[in-house]
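Q: Take this structure first; my questions come after.
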Amino acid sequence: MARYIVKRLLLSIPILFGISLITFAVIHITPGGPTVLQSQMNAKMSPDSIAKLKTLYDLDKPLPVQYMKWLSRLARLDFGESFNDNRPVTEKILERLPATLQLNLLSLLLLFLIAVPLGVYSAAKQNSVFDRLFTSITFIGFSVPSFWLALLLMLFFGVWLQWLPISGMASVNSASMPPVLQVYDRIQHLILPLFVSIFGSIAGLSRYMRSGMLEVIRQDYIRTARAKGLPEREVLLNHALRNALLPVITIIGLSIPGLISGGFIFETIFAWPGMGRLAYESAMSFDYPVIMGVVIAGALLTLLGNLFADIAYAFADPRIRY
Amino acid sequence: MTETALLSLKKLHTYFLAGKNEGRAVEGVSFDIGSSGSVGLVGESGCGKSVTALSIMRLISSPGRIISGEILFERGGKQVDLLSLSEKEMTKVRGGEISMIFQEPFTALNPVFRVEAQVGEAARLHLGLEGKALQALVMKALYDAGIKEAERVAGSYPHELSGGLRQRVMIAMALISGPKLLIADEPTTALDVTVQAQILDLLAEIRVKRKLSVIMISHDLAIIHRICDSVNIMYSGRIVESSGKEALFKSPLHPYTAGLLKSIPSLSRIEKRLPAIPGNVPDLFDPPAGCRFHPRCPKAMDICKKTEPGESVVEGRMVKCWLYK
Numbered sequence: 002m003a004r005y006i007v008k009r010l011l012l013s014i015p016i017l018f019g020i021s022l023i024t025f026a027v028i029h030i031t032p033g034g035p036t037v038l039q040s041q042m043n044a045k046m047s048p049d050s051i052a053k054l055k056t057l058y059d060l061d062k063p064l065p066v067q068y069m070k071w072l073s074r075l076a077r078l079d080f081g082e083s084f085n086d087n088r089p090v091t092e093k094i095l096e097r098l099p100a101t102l103q104l105n106l107l108s109l110l111l112l113f114l115i116a117v118p119l120g121v122y123s124a125a126k127q128n129s130v131f132d133r134l135f136t137s138i139t140f141i142g143f144s145v146p147s148f149w150l151a152l153l154l155m156l157f158f159g160v161w162l163q164w165l166p167i168s169g170m171a172s173v174n175s176a177s178m179p180p181v182l183q184v185y186d187r188i189q190h191l192i193l194p195l196f197v198s199i200f201g202s203i204a205g206l207s208r209y210m211r212s213g214m215l216e217v218i219r220q221d222y223i224r225t226a227r228a229k230g231l232p233e234r235e236v237l238l239n240h241a242l243r244n245a246l247l248p249v250i251t252i253i254g255l256s257i258p259g260l261i262s263g264g265f266i267f268e269t270i271f272a273w274p275g276m277g278r279l280a281y282e283s284a285m286s287f288d289y290p291v292i293m294g295v296v297i298a299g300a301l302l303t304l305l306g307n308l309f310a311d312i313a314y315a316f317a318d319p320r321i322r323y
Numbered sequence: 021m022t023e024t025a026l027l028s029l030k031k032l033h034t035y036f037l038a039g040k041n042e043g044r045a046v047e048g049v050s051f052d053i054g055s056s057g058s059v060g061l062v063g064e065s066g067c068g069k070s071v072t073a074l075s076i077m078r079l080i081s082s083p084g085r086i087i088s089g090e091i092l093f094e095r096g097g098k099q100v101d102l103l104s105l106s107e108k109e110m111t112k113v114r115g116g117e118i119s120m121i122f123q124e125p126f127t128a129l130n131p132v133f134r135v136e137a138q139v140g141e142a143a144r145l146h147l148g149l150e151g152k153a154l155q156a157l158v159m160k161a162l163y164d165a166g167i168k169e170a171e172r173v174a175g176s177y178p179h180e181l182s183g184g185l186r187q188r189v190m191i192a193m194a195l196i197s198g199p200k201l202l203i204a205d206e207p208t209t210a211l212d213v214t215v216q217a218q219i220l221d222l223l224a225e226i227r228v229k230r231k232l233s234v235i236m237i238s239h240d241l242a243i244i245h246r247i248c249d250s251v252n253i254m255y256s257g258r259i260v261e262s263s264g265k266e267a268l269f270k271s272p273l274h275p276y277t278a279g280l281l282k283s284i285p286s287l288s289r290i291e292k293r294l295p296a297i298p299g300n301v302p303d304l305f306d307p308p309a310g311c312r313f314h315p316r317c318p319k320a321m322d323i324c325k326k327t328e329p330g331e332s333v334v335e336g337r338m339v340k341c342w343l344y345k
C-alpha cells in the first residue's frame, strides 16, 4: 500500500508538469495581456513606459524562457508575485484556501449525507410515488444551470424575503458580534452557496446511488442474505449498501474537480472569498503568476482527492489490493 | 398428508405477471416431505424447480407472485401455513427452520464481508449468540461442513476461497442454526466433478447425522439417486411423476422420465451419440394445450393434444400420463 501511494505521488509530478505547460500556453495565447489592460485604462501611457512594464514583468522574453523561469522558481516552491499588488502568490492563495476548503468539504459531506439516503430509499421503494417524484426532481436538478439557480435564489431569499445574505462569508460587522451570533452569521452566509454547489450533484449522485442499489439487490448474495432470515431493512442497509457504495467512492473522487471548478462561477456570484473567485479576478486582470498558482493548487487538490478516493476504495472493497 | 409430514405443499401456484400475460411457472404442485426424509425435484431448466423452492422460502420477488395453494410446515407440533405468516414471523423460519443453499457459490456469498461474519449472522439472528460463543459456533459449523482449516477460512473473504470451499461455507451458513429442512438448489452444478462428489458425500453424511430433511433440486438424476429417497419429476410447472427412488430408476412410468434417464451418459454403454429429448421446455407464457409434454413425447396420442391428463396411481406411484388411464 505504501509503495502504491509513493508511486501515485511520483506519477502526479509529470501530470502537474503537463497541466502547468498547457495552462501557461493557453493564458499567453489569449488575446490581451497585463500591459494592454493598463495602457487601455490610461490613454496617456507612452509606448516607452509599456515597454518598461514588459521588461519589469519579463514579458519581453520568449515564451519558453518565461516558462523555464517560472518553472525554476516553482522548483524552489516559489509561485512568484502578483502583477496587481506585488504580493507573493503563495500568500494570496493560502489566504483564500480556507474559504474554498470550507465550502468544498462541507459540500462533499452534505452531498454524501443527503444523496446516499435519498438514493437508497428511492431504490427500496422502487416505482412508488416517492420514487417517481424523486426521479422527476433529479432530472430538474440535473438540468438547471447553477449560476441561474444562484441568481434566482439570491433574488428570492435575499432580495424579496430578505431571509439570507446574498454575498460574502460574514457580515461586515461580524467582528463586533458575540461568538454565538458570529457562528449563526457564518451559517447564514453558507446556506445559499452550499445549496447551489450541491444541488446538481445531489441529483446526479442520488440517481447513481439508486441504480447502484437496484443493481445490487438483484445479486445472488442478497437472496442468500434474505434466505438466512435477515429482515429486509438489514438486507438493504448492511448487505446491499456496502456493495452499492463502492462505485460511489469513485464518483465522489471524480466530482472533486467539478466542485473546485464550479467554484469559479458561484464563488464569484456569491462574492465568496475563495480560490475560485481569486482565479476569476486574476484571469480578468491577466495576472499570470496568480492564474498559474491557482491552477496548480487546484490540480494538486484534485490529484490528492483522487488518490484519497482510490485508497478509500481499497479499504472498502477487499477484492482490491494495490 | 401423512402424519409425519414435515412440509406439505398443496396445489401451489406461482405465476409471473407481465402486463396482461402470466407466466405460470408453478401450477398446482403438491408433495410431502417427512422428517429426515429426502425428496428430489428433477427437471430441465425452466420447469419450475427453483421457483417451487423459492416459493417455500417465500422469496419470490416481483413480478412473481404466489397465487394460491398451501405450504404446511410443522412448527412446534402444529401444522402452519407458511403463506399465512407475517413477514416478521417468516424471517424466523428462513435460516432458522428452513435453510437454502444455492447453485452458484461464487455469487451467493457477499464479496465484502468475511466468511466469519456471513456464517455467524444466521446464528446471531436465530440463536441470539454473540461474542465468543458465536465465534466458537462458527468454527464448529465450518468444521462440520468439512473445512479443516476453519480458522483461516473464517478470516477470509469469499474471493480468496475455491468453489468447493465456498459451497462448504454456504452449507455451514445454512446449517448453523440447526434447521429442520434444507433446500439445496443445484448445489453442485457449478462445481467440478471431484468437488461435486465431495459435496454430495458431505450432504449425505450431514443428512443422516442431523436427521435433516432435504429437498434436493437438480437436473442430474445421478445426484438425485445418491441423495434422495423419493423423486418428483417436474415438467412445465407441474409434477408429472412422483415415485420412490428405486422404482423410478428401474421402471420409469412417464415418457419424460424415461427420456431423462436415457440421456444420462454411462461408461458401460458407449454410444456414438447420447440420446436427448428433442425440442425445448415449453414457453411458460404460451404453453401447448393438453399434456404439456406432447410435442416432445415419442408416445403422444390424439387425446394428449387436447386434454391434460389427471393423476393416475400405478403400484403406489403417481403419474400424469394418458398411457396409464
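Keeping their order, the protein sequence lines are chains A and B.
When we follow this note's numbering, the leftmost residue of the first sequence carries the number 2, and every step to the right adds one.
When we follow this note's numbering, the leftmost residue of the second sequence carries the number 21, and every step to the right adds one.
All C-beta atoms in this analysis are idealised placements derived from N, C-alpha and C, irrespective of residue type, glycine included.
(1) Provide the residue span of the beta strand (DSSP E) that contains V251 of chain B, from first to last.
(2) With 16 as the cutoff for other CB atoms within 10 Å, does H240 of chain A come out buried or exposed?
(3) For Q163 of chain A, count neighbouring Cβ atoms within 10 angstroms of its own Cβ and tell me buried if that reaches 16, exposed if not.
(4) Ignore the nearest five residues each way along the sequence and tell me which others in Q123 of chain B's own chain have a CB closer than 8 Å to its CB.
(5) Which residues in chain A sit within 7 Å of P83 of chain B, going by Cβ to Cβ distance?
(6) Applying a beta-carbon distance threshold of less than 9 Å, which residues of chain B neighbour L231 of chain A?
(7) Does the distance from the CB of V234 of chain B to the CB of L222 of chain B come in under 8 Å?
(8) Could one say the Cβ of P319 of chain A lies closer than 8 Å to chain B's Cβ atoms, at least one of them?
(9) Going along chain B, which residues have a C-beta under 8 Å from H29 of chain A?
(10) Is it buried or exposed, D288 of chain A, if we count other Cβ atoms within 10 angstroms and call 16 or more buried?
(11) Shorter than 7 Å, the distance from the beta carbon of F265 of chain A to the closest heavy atom of the ligand ZN, or not?
(12) Would the beta-carbon of V132 of chain B fall within 8 Å of that of S176 of chain B?
(13) For L299 of chain B, count neighbouring Cβ atoms within 10 angstroms of its own Cβ and tell me buried if that reaches 16, exposed if not.
(14) Helix, strand or coil for E42 of chain B, going by three-state DSSP, please let me know.
(15) Residues of chain A with CB closer than 8 Å to the CB of L79 of chain B, please, in chain order.
(16) Look at the alpha carbon of M21 of chain B and the alpha carbon of I226 of chain B, and state the distance between them as a whole number of angstroms.
(17) At a Cβ threshold of 8 Å, is P131 of chain B touching chain A?
(18) Is the distance from the Cβ of S106 of chain B to the Cβ of H146 of chain B below 8 Å?
(19) Based on the DSSP output, what are the partners of Q220 of chain A in its beta bridges?
(20) Enumerate in chain order the residues of its own chain whose CB-to-CB distance from I167 of chain B is below 6 Å, with the five nearest sequence positions on each side excluded.
(21) Below 8 Å between beta carbons: does that hold for G257 of chain B and R78 of chain B?
(22) Buried or exposed for L32 of chain B, please, with buried defined as at least 16 other CB atoms from any protein chain shown within 10 angstroms of its CB.
(23) Does DSSP put G264 of chain A in a helix, a strand or coil?
(24) Find out if the Cβ-Cβ distance for the pair K345 of chain B, P329 of chain B is shorter than 8 Å.
(25) Report yes or no: is there a C-beta of chain B within less than 8 Å of the C-beta of N221 of chain A?
(26) First and last residue of the beta strand (DSSP E) that includes R258 of chain B?
(27) Taking all protein chains shown into account, do 16 or more other C-beta atoms lie within 10 angstroms of the C-beta of V181 of chain A, making it buried, or fewer, making it exposed?
(28) I'd like to know if T127 of chain B contacts chain A, where contact means its C-beta is closer than 8 Å to some C-beta of that chain.
(29) Helix, strand or coil, according to DSSP, for E235 of chain A in the structure here?
(30) Classify N105 of chain A: buried if its beta carbon has 16 or more other beta carbons within 10 angstroms, exposed otherwise.
(31) When you compare only the Cα positions, how much space is there between R246 of chain B and S238 of chain B?
(32) What are the start and end residues of each continuous alpha helix (DSSP H) run of 4 or more residues lying completely inside the region 246 to 296 of chain A, in chain order?
(33) Considering only residues of the same chain and omitting the five flanking positions on each side of G264 of chain B, which have a CB-CB separation below 6 Å?
(34) Alpha carbon to alpha carbon, how far is G275 of chain A from V291 of chain A? Give it in angstroms, no decimals.
(35) Closer than 8 Å, CB to CB, is E136 of chain B near chain A or not?
(36) Is the separation between the beta-carbon of L273 of chain B and that of C317 of chain B shorter than 8 Å?
A: Looking at the atomic coordinates:
(1) Numbered from 1 along the second sequence, position 231 holds the residue referred to as residue 251 of chain B. Here the beta strand (DSSP E) through V251 of chain B covers 250 to 255.
(2) In the first sequence, residue 240 of chain A corresponds to position 239, counting from 1. With 16 or more neighbouring CB atoms inside 10 Å of its own CB, H240 of chain A falls in the buried class.
(3) The sequence position of residue 163 of chain A within the first sequence is 162, counting from 1. The residue in question, Q163 of chain A, is exposed, as its Cβ has fewer than 16 Cβ neighbours within 10 Å.
(4) As a working note, residue 123 of chain B is residue 103 in the second sequence. Excluding positions up to five away in sequence, the list reads D205, E206, P207, T209, A210.
(5) On the second sequence, residue 83 of chain B is found 63 positions in, with the first residue counted as 1. Neighbours of P83 of chain B across chain A, judged by C-beta separation under 7 Å, do not exist; the nearest C-beta is about 11 Å away.
(6) Within the first sequence, the letter at position 230 stands for residue 231 of chain A. What L231 of chain A touches in chain B: T111, R114, G115, E141, A142, L145.
(7) As a position in the second sequence, residue 234 of chain B is number 214, starting the count at 1. As a position in the second sequence, residue 222 of chain B is number 202, starting the count at 1. Taking 8 Å as the Cβ cut-off, V234 of chain B and L222 of chain B do not qualify as a contacting pair.
(8) The residue you call residue 319 of chain A lines up with position 318 of the first sequence. Output row for P319 of chain A: interface = yes.
(9) Against the first sequence, residue 29 of chain A aligns to sequence position 28. Correct list: empty, because the minimum Cβ distance to chain B is about 50 Å.
(10) Numbered from its first residue, the first sequence carries residue 288 of chain A at position 287. Counting Cβ neighbours within 10 Å, D288 of chain A comes out buried, since at least 16 surround it.
(11) Questions concerning the ligand ZN fall outside what the structure shown contains, since it holds no ligand whatsoever.
(12) Looking up residue 132 of chain B in the second sequence gives position 112. Looking up residue 176 of chain B in the second sequence gives position 156. For the 8 Å CB-CB criterion, V132 of chain B and S176 of chain B do not form a contact.
(13) Along the second sequence, read from residue 1 onward, the residue named residue 299 of chain B stands at position 279. One point to set straight first is that residue 299 of chain B is Gly, not Leu, in the sequence displayed. So G299 of chain B counts as exposed.
(14) The residue labelled residue 42 of chain B in the question sits at position 22 within the second sequence. Residue state, collapsed to three classes: strand.
(15) Your numbering for residue 79 of chain B matches position 59 in the second sequence. Proximity of chain A to L79 of chain B at the Cβ level (cut-off 8 Å) is accounted for by R224, R227, A228, in chain order.
(16) Locating residue 21 of chain B in the second sequence gives position 1, where the first residue counts as 1. Locating residue 226 of chain B in the second sequence gives position 206, where the first residue counts as 1. In this prediction, M21 of chain B scores a pLDDT of 44, lower than 50, which makes its location untrustworthy; no coordinate-derived value is stated.
(17) Stepping through the second sequence from its first residue, residue 131 of chain B is reached at position 111. It does: the Cβ of P131 of chain B has a partner Cβ on chain A nearer than 8 Å.
(18) Along the second sequence, one-based indexing puts residue 106 of chain B at 86. Along the second sequence, one-based indexing puts residue 146 of chain B at 126. Annotated as distal: S106 of chain B and H146 of chain B, with beta-carbon spacing of 8 Å or more.
(19) Indexing the first sequence from 1 puts residue 220 of chain A at position 219. The partner list for Q220 of chain A (beta bridge, DSSP) is empty, contrary to what the question assumes.
(20) Along the second sequence, one-based indexing puts residue 167 of chain B at 147. These residues qualify, in order along the chain: V173, R188.
(21) What you label residue 257 of chain B is simply residue 237 of the second sequence in a count that begins at 1. What you label residue 78 of chain B is simply residue 58 of the second sequence in a count that begins at 1. Remark: C-beta atoms of G257 of chain B and R78 of chain B do not approach each other more closely than 8 Å.
(22) By 1-based counting over the second sequence, the position of residue 32 of chain B is 12. Answer is buried; the Cβ neighbour count reaches 16.
(23) Counted from its first residue, the first sequence places residue 264 of chain A at position 263. G264 of chain A: helix per DSSP, three-state reduction.
(24) Counting from one through the second sequence, the residue named residue 345 of chain B turns up at place 325. Counting from one through the second sequence, the residue named residue 329 of chain B turns up at place 309. For K345 of chain B and P329 of chain B, yes; Cβs fall inside 8 Å.
(25) By 1-based counting over the first sequence, the position of residue 221 of chain A is 220. Looking at the sequence provided, one finds Asp at residue 221 of chain A rather than Asn. Answer yes: the Cβ-Cβ gap between D221 of chain A and chain B drops below 8 Å somewhere.
(26) Residue numbering aside, residue 258 of chain B sits at position 238 when the second sequence is read from its first letter. Per DSSP, the unbroken beta strand (DSSP E) holding R258 of chain B starts and ends at 258 to 264.
(27) Stepping through the first sequence from its first residue, residue 181 of chain A is reached at position 180. Answer is exposed; the Cβ neighbour count stays below 16.
(28) Position 107 of the second sequence, counting from 1, holds the residue named residue 127 of chain B. So, interface residue.
(29) Here residue 235 of chain A is taken as the residue at index 234 of the first sequence, counted from 1. Note: E235 of chain A maps to helix in three-state DSSP.
(30) Your numbering for residue 105 of chain A matches position 104 in the first sequence. Its Cβ being crowded by 16 or more others within 10 Å, N105 of chain A is buried.
(31) Translated into positions along the second sequence, residue 246 of chain B becomes position 226. Translated into positions along the second sequence, residue 238 of chain B becomes position 218. Near 12 Å, if we compare the C-alpha coordinates of S238 of chain B and R246 of chain B.
(32) Every alpha helix (DSSP H) of 4 residues or more that sits fully in the region 246 to 296 of chain A is shown, in chain order, as 276 to 285.
(33) In the second sequence, counting from the first residue as 1, residue 264 of chain B sits at position 244. Excluding residues up to 5 positions away in sequence, S250 lie with their Cβ nearer than 6 Å to the Cβ of G264 of chain B in the same chain.
(34) Counting from one through the first sequence, the residue named residue 291 of chain A turns up at place 290. Counting from one through the first sequence, the residue named residue 275 of chain A turns up at place 274. Taking the straight line from one Cα to the other gives about 13 Å.
(35) Translated into positions along the second sequence, residue 136 of chain B becomes position 116. Chain A has no Cβ within less than 8 Å of the Cβ of E136 of chain B.
(36) As a working note, residue 273 of chain B is residue 253 in the second sequence. As a working note, residue 317 of chain B is residue 297 in the second sequence. Using a Cβ distance threshold of 8 Å, L273 of chain B and C317 of chain B do not count as a contacting pair.
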